[in-house]
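J.: Protein chains in written order, with my numbering: chain A, 1 to 215; chain B, 1 to 472.
First the structure, then my questions, so here it is.
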Amino acid sequence: MKQFTQHTGIAAPLDRANVDTDMIIPKQFLKSIKRAGFGPNLFDELRYLDEGQPDQDCAGRPLNPDFVLNQPRYDGTSVLLARENFGCGSSREHAPWALDDFGIRVVIAPSFADIFYNNCFKNGLLPIVLSDVQVDQLFKEVEATEGYQLTVDLERQVVVAPSGETFAFEVDNFRKHCLLNGLDDIGLTLQHADEIKAYEARRRQKAPWLFDAIK
Amino acid sequence: MAAKTLYDKLWDAHLVRQNEDGSALIYIDRQILHEVTSPQAFEGLRLAGRKPWRIDANLATPDHNVPTTERSAGVDEIVDPVSRIQVKTLDANCDEFGIVEFKMNDHRQGIVHVVGPEQGMTLPGTTVVCGDSHTSTHGAFGALAHGIGTSEVEHVLATQCLIAKKMKNMLVRVDGELGAGVTAKDVVLHIIGVIGTAGGTGYAIEFGGSAIRSISMEGRMTICNMAIEAGARVGLVAVDDTTIEYFHGRPFSPQADQWDAAAAAWKTLVSDDDATFDAVVEIKAEDIQPQVTWGTSPEMVASVSARVPNPANEADAGKADGIRRALQYMGLEAEQKITDIQLDRVFIGSCTNSRIEDLRAAAEVVKGRKVAATIKQALVVPGSGLVKAQAEAEGLDKIFIEAGLEWREPGCSMCLAMNPDKLGQGEHCASTSNRNFEGRQGFGGRTHLVSPAMAAAAAVTGHFIDVRELMQ
Chain A
1 MKQFTQHTGI AAPLDRANVD TDMIIPKQFL KSIKRAGFGP NLFDELRYLD
51 EGQPDQDCAG RPLNPDFVLN QPRYDGTSVL LARENFGCGS SREHAPWALD
101 DFGIRVVIAP SFADIFYNNC FKNGLLPIVL SDVQVDQLFK EVEATEGYQL
151 TVDLERQVVV APSGETFAFE VDNFRKHCLL NGLDDIGLTL QHADEIKAYE
201 ARRRQKAPWL FDAIK
Chain B
1 MAAKTLYDKL WDAHLVRQNE DGSALIYIDR QILHEVTSPQ AFEGLRLAGR
51 KPWRIDANLA TPDHNVPTTE RSAGVDEIVD PVSRIQVKTL DANCDEFGIV
101 EFKMNDHRQG IVHVVGPEQG MTLPGTTVVC GDSHTSTHGA FGALAHGIGT
151 SEVEHVLATQ CLIAKKMKNM LVRVDGELGA GVTAKDVVLH IIGVIGTAGG
201 TGYAIEFGGS AIRSISMEGR MTICNMAIEA GARVGLVAVD DTTIEYFHGR
251 PFSPQADQWD AAAAAWKTLV SDDDATFDAV VEIKAEDIQP QVTWGTSPEM
301 VASVSARVPN PANEADAGKA DGIRRALQYM GLEAEQKITD IQLDRVFIGS
351 CTNSRIEDLR AAAEVVKGRK VAATIKQALV VPGSGLVKAQ AEAEGLDKIF
401 IEAGLEWREP GCSMCLAMNP DKLGQGEHCA STSNRNFEGR QGFGGRTHLV
451 SPAMAAAAAV TGHFIDVREL MQ
């Protein structure tokens, strides 16, 4: 898994609530059997004025000038500021894949949908929950200052604004550990293979009908 | 011993290992695979030189991409080349790893969340996962079921476990008697309207109360299916006789010599009387009317007799802005009557509403009537080959065709437009699916979520109408 320790980058404000994963990466791009290459279609229906097709060269497509990530001042954005319930809807991991492929390393929001939140950690993308008031403050600061950058330090669990002000955030110890060290969690789980086998033997005794049925 | 909720019992029964940092390893009894969220997981296994932990815990079927028109020519004739590759990749992966798959033209193929229970793959007391958020459907049987991402699909294939953290418990209790013409879909849309699209985030929701107890297994599946639209990964209904009865004679159900032991174990799958929930929501069944969504989130829902809201009346600026944006996208006026919304297409199907009972309810409404001249297309897409065969045995196909609806092959169809069934820009659709997000059913398409009976009523009138008016 991709490692995440510390990151500094341009922040951009995506000012709408309940951004769903259909919006992050529309369904027609889910037909790919790869994990990479979704970046050009991130937020496709917000970003372009026409309907995107898989395998299309996006360079010549008409851009929506009102969309925040199309504005030159947000070129190279790697920290996305968002509103509540970001990533709701479909479980598609293509959403974090698309964000990552575009170059986003951190998403900051007052709340995330559960499945999306979980999927981020599997891809070295850090979702950070701050309070409504704090997120509001960051929205105001980023809109007021061109070239506004945020620093995120996972070890210390803080977001640092250009003013030096810090915002502490919570993260599960296990997820933090995996991200800091870029650990493969399948490998970690397989270290407990004996416990899994022991559980399975107990389960087979209690509920034998769950074994060897699907064949 | 401390009183436990159903969710607590299911969690405890599957705990392989509790780590000190609060994370846990839970055992997964069943995984369902489909073509969209599995290819990268199989590829991951191959790259790491890993094998599936337990082949007999998995079942696969293609559903999202498959065409729903005549397809006897097989996978090679899927017109969209990208869809074709994805379906063929699932076939190749299942063949390579020895996983049981109901391929596109197998008579048991269908939507994963219809096929799993129908085959008795999903059983009470199991943990069920799938790379699809509507896996919450299976909770209707007292199973702990939720959607996962592709990395987790790979993790479950490789280890038969998930790294998880326990959720909080919410009880949504619906007491009373549902009125005629008010269905499970109306119940769940109403609940989402009450608690909001993020109201269940972080929770496993158990649906209880006398109204839920009176609902069939099909209806309970519809309700749990949409738990995720209220933000909850898990929806649950306690096991009762209705649940147990459902599994008699299904292919992967316990066989005769194991049946009694299984049924006895399943009967314990209820929340203890004195169990405590972190949140409780109480709803009166009598307050629920046929529902229609008017906006671009499932929480943007109203009774069919109501009007579209006016953002000017919303005190919260953020919410007012959301309403304004939704009305603009949907091409609706503030305070317009829901019954004045004119429709272009009707879609009856999806993992929410494509089971036999849904088709019967729709057929009852359209029987002896004709699809309105202004409707460009009305689709009926059964959830599986077995549902299709059952409906045909009951003559429902003839009723639909006679009324001017199209009778299709099983698949996800117009729910998410990954196949040829989609909305055109600006078109309004009465849809029995689960998401009214922007572009979900096609670029610029406008989705209104309703029950099968309400969709059928809209098909024959051309606009929304309280289905009870057609039932008199």
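Beta carbons: idealized from backbone N, C-alpha and C, even for Gly.
Just so it is clear, the structure is predicted and the values come from calculations on it, not from any experiment.
Output yes or no for whether 8 Å exceeds the beta carbon distance between residue 464/B and residue 323/B.
T.: Along the second sequence, read from residue 1 onward, the residue named residue 464/B stands at position 464. Along the second sequence, read from residue 1 onward, the residue named residue 323/B stands at position 323. Against a cut-off of 8 Å, the Cβ pair of residue 323/B and residue 464/B comes out as no contact.
J.: Touching or not, the region 98-110 of chain B and the region 180-198 of chain B, by the rule of three or more beta carbon pairs under 8 Å?
T.: no
J.: Quick one: grab the DSSP three-state call for residue 373/B.
T.: To locate residue 373/B, count along the second sequence from 1; it is residue 373. Reduced to three states, the DSSP call for residue 373/B is coil.
J.: With a cut-off of 8 Å, do at least 3 Cβ pairs link the region 2-20 of chain A to the region 81-88 of chain A?
T.: yes
J.: Could you tell me the distance, in whole angstroms, from the CA atom of residue 16/B to the CA atom of residue 127/B?
T.: The count along the second sequence starts at 1 and reaches residue 16/B at position 16. The count along the second sequence starts at 1 and reaches residue 127/B at position 127. Looking at the two C-alpha atoms, the distance is approximately 13 Å.
J.: Under a Cβ-count criterion, where at least 16 other Cβ atoms within 10 Å of its own Cβ denotes burial, should residue 134/B be classed as buried or exposed?
T.: Start at 1 with the first residue of the second sequence, and residue 134/B comes out as number 134. So residue 134/B ends up on the buried side.
J.: Using the Cβ count rule (16 or more neighbours within 10 Å means buried), how would you classify residue 12/B?
T.: Position 12 of the second sequence holds residue 12/B. Per the 10 Å Cβ criterion, exposed.
J.: What does residue 199/A touch in chain B if you count any residue whose Cβ is under 7 Å from its own?
T.: What you label residue 199/A is simply residue 199 of the first sequence in a count that begins at 1. Taking the beta carbon of residue 199/A as reference, the chain B residues within 7 Å of it are 16 and 27, listed in sequence order.
J.: Residue 215/A touches chain B at which residues, Cβ-Cβ below 7 Å?
T.: As a first step, residue 215/A is located in the first sequence; it is residue number 215 there, counting from the start. Going along chain B in sequence order, the residues near residue 215/A (Cβ under 7 Å) are 56 and 100.
J.: Run through the DSSP bridge pairs and tell me what residue 429/B is partnered with.
T.: Position 429 of the second sequence holds residue 429/B. Answer is 345/B and 447/B, bridged to residue 429/B.
J.: Residue 113/A and residue 82/A - do their beta-carbons sit closer together than 8 Å?
T.: Taking the first residue of the first sequence as 1, we reach residue 82/A at position 82. Taking the first residue of the first sequence as 1, we reach residue 113/A at position 113. No. Outside cutoff.
J.: Using a Cβ-Cβ cutoff of less than 7 Å, which residues in the same chain neighbour residue 369/B once the five nearest sequence positions on both sides are dropped?
T.: Stepping through the second sequence from its first residue, residue 369/B is reached at position 369. Cβ neighbours of residue 369/B beyond the five flanking positions: 403 and 460.
J.: Whose Cβ in chain A lies nearer than 9 Å to the Cβ of residue 235/B?
T.: Stepping through the second sequence from its first residue, residue 235/B is reached at position 235. Neighbours of residue 235/B on chain A: none; closest Cβ ~13 Å, over 9 Å.
J.: Quick check: is the beta carbon of residue 191/A nearer than 8 Å to any beta carbon in chain B?
T.: Within the first sequence, the letter at position 191 stands for residue 191/A. Output row for residue 191/A: interface = no.
J.: CA-CA distance, residue 158/B and residue 45/B?
T.: Mapped onto the second sequence, residue 158/B falls at position 158. Mapped onto the second sequence, residue 45/B falls at position 45. About 7 Å.
J.: Assuming residue 6/A and residue 153/A make a contact with CB atoms under 8 Å, what is their CB distance in whole Å?
T.: The residue given as residue 6/A occupies position 6 in the first sequence. The residue given as residue 153/A occupies position 153 in the first sequence. Yes, they are in contact, since the Cβ atoms of residue 6/A and residue 153/A sit about 5 Å apart, within 8 Å.
J.: Just verifying my parser: in three-state terms, what is the DSSP assignment at residue 177/A?
T.: Indexing the first sequence from 1 puts residue 177/A at position 177. DSSP places residue 177/A in helix when its eight states are reduced to three.
J.: Taking a Cβ distance cut-off of 9 Å, strictly less, list which residues of the region 54-67 of chain A are near chain B, in chain order.
T.: 54 and 55
J.: Are any of the Cβ atoms in chain A nearer than 8 Å to that of residue 311/B?
T.: Taking the first residue of the second sequence as 1, we reach residue 311/B at position 311. With 8 Å as the cut-off, residue 311/B does not count as an interface residue toward chain A.
J.: Whether or not the region 84-93 of chain B and the region 347-361 of chain B are in contact is what I'm after, with contact meaning three or more pairs of Cβ atoms, one per stretch, closer than 8 Å; do they touch?
T.: Flag = no, the region 347-361 of chain B and the region 84-93 of chain B do not touch.
J.: Shortest alpha-carbon distance to residue 146/B belongs to which of 133/A, 60/A, 196/A and 118/A?
T.: Counted from its first residue, the second sequence places residue 146/B at position 146. Of the listed residues, the one whose Cα sits closest to residue 146/B is 118/A.
J.: What separation, rounded to the nearest whole angstrom, lies between the Cα atoms of residue 247/B and residue 254/B?
T.: The count along the second sequence starts at 1 and reaches residue 247/B at position 247. The count along the second sequence starts at 1 and reaches residue 254/B at position 254. Roughly 8 Å between the two C-alpha positions.
J.: Kindly list the residues whose CB is nearer than 7 Å to the CB of residue 5/B, restricted to its own chain and excluding five residues on each side of it in sequence; keep chain order.
T.: Along the second sequence, one-based indexing puts residue 5/B at 5. 169, 206, 271, 275 and 277.
J.: On the DSSP bridge assignment, give the partners of residue 384/B in chain order.
T.: Numbered from 1 along the second sequence, position 384 holds the residue referred to as residue 384/B. Its beta-bridge partners are 110/B.
J.: Note down, in chain order, all residues in the region 237-271 of chain B with a beta-carbon under 9 Å from any beta-carbon belonging to chain A.
T.: 251, 252, 253, 254, 255, 258, 259, 261, 262 and 265
J.: Could I get the ranges of all uninterrupted beta strand (DSSP E) runs contained in the region 169-231 of chain B, with 3 residues as the minimum, in chain order?
T.: Taking only runs of at least 3 residues, the beta strand (DSSP E) segments lying wholly in the region 169-231 of chain B are 203-208.
J.: Going along chain A in order, which residues have a C-beta closer than 7 Å to the C-beta of residue 438/B?
T.: Your numbering for residue 438/B matches position 438 in the second sequence. The answer, in chain order, is 23 and 45.
J.: Suppose the cutoff is 6 Å on Cβ atoms and the five residues either side in sequence are ignored; what does the same chain contact list for residue 215/B look like?
T.: Translated into positions along the second sequence, residue 215/B becomes position 215. Excluding positions up to five away in sequence, the list reads 184.
J.: Can the beta-carbon of residue 431/B be found less than 8 Å from the beta-carbon of residue 454/B?
T.: Within the second sequence, residue 431/B is the residue found at index 431, counting from 1. Within the second sequence, residue 454/B is the residue found at index 454, counting from 1. No, they are not a contact pair.
J.: Relative to chain B, which residues along the region 140-161 of chain A have a C-beta separation below 9 Å, given in chain order?
T.: none
J.: Assuming residue 65/B and residue 418/B make a contact with CB atoms under 8 Å, what is their CB distance in whole Å?
T.: In the second sequence, counting from the first residue as 1, residue 65/B sits at position 65. In the second sequence, counting from the first residue as 1, residue 418/B sits at position 418. Sure, about 5 Å apart at Cβ, within 8 Å.
J.: What does the alpha-carbon distance come out to for the pair residue 176/A and residue 182/A?
T.: In the first sequence, residue 176/A corresponds to position 176, counting from 1. In the first sequence, residue 182/A corresponds to position 182, counting from 1. Computed Cα separation, rounded: 10 Å.
J.: Using a Cβ-Cβ cut-off of 8 Å, state whether residue 141/B counts as contacting chain A.
T.: Residue numbering aside, residue 141/B sits at position 141 when the second sequence is read from its first letter. Interface criterion not met: the Cβ of residue 141/B is under 8 Å from no Cβ in chain A.
J.: Taking only runs of the beta strand (DSSP E) that begin and end inside the region 93-165 of chain B, which ones reach a length of at least 3 residues, in chain order?
T.: 127-130, 144-147 and 161-164
J.: Residue 210/A CB to nearest chain B CB: under 8 Å?
T.: If you number the first sequence from 1, residue 210/A lands on position 210. Yes, its Cβ sits closer than 8 Å to a Cβ of chain B.
J.: For residue 69/B, count neighbouring C-beta atoms within 10 Å of its own C-beta (all shown protein chains included) and say buried if the count is 16 or more, exposed if not.
T.: To locate residue 69/B, count along the second sequence from 1; it is residue 69. Looking at its Cβ environment, which holds fewer than 16 other Cβ atoms inside 10 Å, residue 69/B is exposed.
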